[in-house]
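Read through the structure below, which is laid out as structure tokens, and then see the notes.
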Amino acid sequence: MSTIVYRLHTEYQFDKSEAPRIVHRLDKDTTGVLLLARTRHAAARLSELFRSGNFFKEYLAQISAWPKKTHGKISAPLALTGEVPLERMSIVPEPEGREAVTEYLVLDRREDVNALPVAFVKLWPHTGRKHQLRVHCADVLRAPILGDRKYGFIMRGEPKGSMRRKGLVTRMPLYLHLYQITLPAGWLDPEANVPAHDVNIMAPPPFHMQFSPSLLEAVRPETDPEDATKRA
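As numbered in this note's numbering, residues 25 to 256 make up the sequence shown, in order.
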């Protein structure tokens with residue numbers, strides 16, 4: 025990340041006296057929106073929004089099984105378990121784990137070139153735990169995100185085809201992309217007399233994630249999602 029930070033500081037400062045500031049981070053190998061703040065004031069406001077959760081993130085992912093429910097919500101607390109170098113985020117009962125909630129929508133179901141199931145999904149994290157989306161997909165949906173080297177191997181109740189997929193996962197990029205961040209109207213200055221509309225910042229998916237325009241346009245359902253946390 026340090027190399028990326030240096031390049032962003034030098035290439036996007038332009039003629040400004042202040043270097044741009046990164047106000048949030050992406051997991052390693054995750055692509056997508058990365059917000060920079062031009063000024064100290066903007067950085068402070070964005071950091072406050074991210075701490076309070078007063079913003080909206082939408083991810084795209086391709087996962088290695090077909091979830092039973094098309095639209096669902098996962099509520100499964102997470103905690104860091106294990107020891108270096110094998111430590112990982114795991115689902116643990118409360119109060120040991122911190123609340124972690126993810127909403128998902130299945131956009132399409134297909135088979136890949138090896139006749140293995142692949143689902144195209146949108147993911148909306150309601151909380152911001154480390155590796156939350158990856159763990160929830162792998163351990164609750166039983167559908168690891170393609171290319172996930174850390175959480176891509178399910179130890180219990182593996183879905184059909186997962187053994188064949190193990191030989192492929194290390195050759196894939198991670199199929200997880202932060203597609204959109206939405207900031208609330210007036211986020212920079214709530215007192216300012218400006219038009220009241222949200223600000224959407226989007227990054228098109230990388231080439232290896234073959235999301236068609238019709239899939240990208242799918243919106244979050246207004247109906248309440250079904251509880252997908254309970255395992256079959």
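Every residue gets a Cβ at the ideal spot worked out from N, C-alpha and C, and that includes glycine.
None of these values were measured; they are calculated from a predicted model.
Near HIS150, what residues of its chain come up, given a Cβ to Cβ distance below 6 Å and the 5 sequence neighbours on each side ignored? Numbered from 1 along the sequence shown, position 126 holds the residue referred to as residue 150. Non-local beta-carbon contacts of HIS150 in its own chain, meaning distances under 6 Å to residues more than five positions away in sequence, involve VAL125 in chain order.
Work out the CA separation of GLN156 and LEU102 for me, nearest whole Å. Locating residue 102 in the sequence shown gives position 78, where the first residue counts as 1. Locating residue 156 in the sequence shown gives position 132, where the first residue counts as 1. Taking the straight line joining both Cα atoms gives about 8 Å.
Closest to ALA242 by CA distance: which of ILE225, LEU59, TYR83 is it? Counting from 1 along the sequence shown, the entry for residue 242 is found at position 218. ALA242 has its Cα closest to that of TYR83, out of ILE225, LEU59, TYR83.
What's the gap between the Cα of GLN234 and the Cα of ILE115? Here residue 234 refers to the residue found at position 210 when the sequence shown is read from its first residue. Here residue 115 refers to the residue found at position 91 when the sequence shown is read from its first residue. Taking the straight line from one Cα to the other gives about 30 Å.
CA-CA distance, TYR203 and PRO230? On the sequence shown, position 179 is the one that residue 203 refers to. On the sequence shown, position 206 is the one that residue 230 refers to. Roughly 10 Å separates the two Cα atoms.
What beta strand (DSSP E) runs, 3 residues minimum, are completely inside the segment 87 to 166? Counting only runs of at least 3 residues, the segment 87 to 166 fully encloses the following beta strand (DSSP E) elements, listed from N- to C-terminal order: 95 to 99, 102 to 105, 112 to 115, 125 to 135, 141 to 149.
Look up ASP251 in the DSSP assignment and give the residues it is bridged to. Here residue 251 refers to the residue found at position 227 of the sequence shown. According to DSSP, which records beta bridges pairwise, ASP251 is partnered with LYS97.
Segment contact flag, the segment 88 to 96 with the segment 58 to 77, C-beta cutoff 8 Å, min 3 pairs: Contact fails: fewer than three Cβ-Cβ distances are below 8 Å.
Buried or exposed (CB count within 10 angstroms, at least 16 for buried), HIS160: For the purposes of this step, residue 160 is identified with residue 136 of the sequence shown, where counting begins at 1. Result: buried.
Three-state secondary structure (DSSP) at GLU82? By 1-based counting over the sequence shown, the position of residue 82 is 58. Strand at GLU82.
Taking the beta strand (DSSP E) that LEU207 belongs to, which residues open and close that run? Numbered from 1 along the sequence shown, position 183 holds the residue referred to as residue 207. 200 to 207 is the span of the beta strand (DSSP E), which, as asked, contains LEU207.
Apart from the five residues just before and just after ARG198, which ones in its own chain have a Cβ nearer than 7 Å to its Cβ? Numbered from 1 along the sequence shown, position 174 holds the residue referred to as residue 198. According to the sequence as given, residue 198 is Leu; it is not Arg. Around LEU198, the same chain offers ASP53, THR54, ILE169, GLY171, ASP172 as residues with beta carbons nearer than 7 Å, after the five sequence neighbours per side are excluded.
According to DSSP, is LEU60 helix, strand or coil? Here residue 60 corresponds to residue number 36 of the sequence shown, with the count starting at 1. LEU60 falls in the strand class under three-state DSSP.
Coil, strand or helix - ARG49 by DSSP: The residue you call residue 49 lines up with position 25 of the sequence shown. The three-state secondary structure of ARG49, taken from DSSP, is coil.
Tell me the DSSP bridge mates of MET226? By one-based count along the sequence shown, residue 226 stands at place 202. Per DSSP, the beta bridge partners of MET226 are GLN204.
What residue range is occupied by the uninterrupted alpha helix (DSSP H) comprising PRO237? Counting from one through the sequence shown, the residue named residue 237 turns up at place 213. That run of the alpha helix (DSSP H) goes 237 to 240.
Environment of ALA139 [buried if 16+ CB atoms lie within 10 Å]: Indexing the sequence shown from 1 puts residue 139 at position 115. With fewer than 16 other CB atoms across the displayed protein chains lying within 10 angstroms of its CB, ALA139 is exposed.
Neighbour-count burial assignment, ASP251, 16 or more Cβ in a 10 Å radius: In the sequence shown, residue 251 corresponds to position 227, counting from 1. Around the beta carbon of ASP251, a 10 Å sphere encloses fewer than 16 other beta carbons of the protein chains shown; the residue is thus reported as exposed.
Starting from THR54, follow its DSSP beta bridges and name the residues at the other end. Against the sequence shown, residue 54 aligns to sequence position 30. In the DSSP output, where bridge partners are listed per residue, THR54 has none listed.
How should GLU127 be labelled, buried or exposed, when 16 other C-beta atoms within 10 angstroms of its C-beta is the threshold for buried? Numbered from 1 along the sequence shown, position 103 holds the residue referred to as residue 127. By the 10 Å Cβ count, GLU127 comes out buried.
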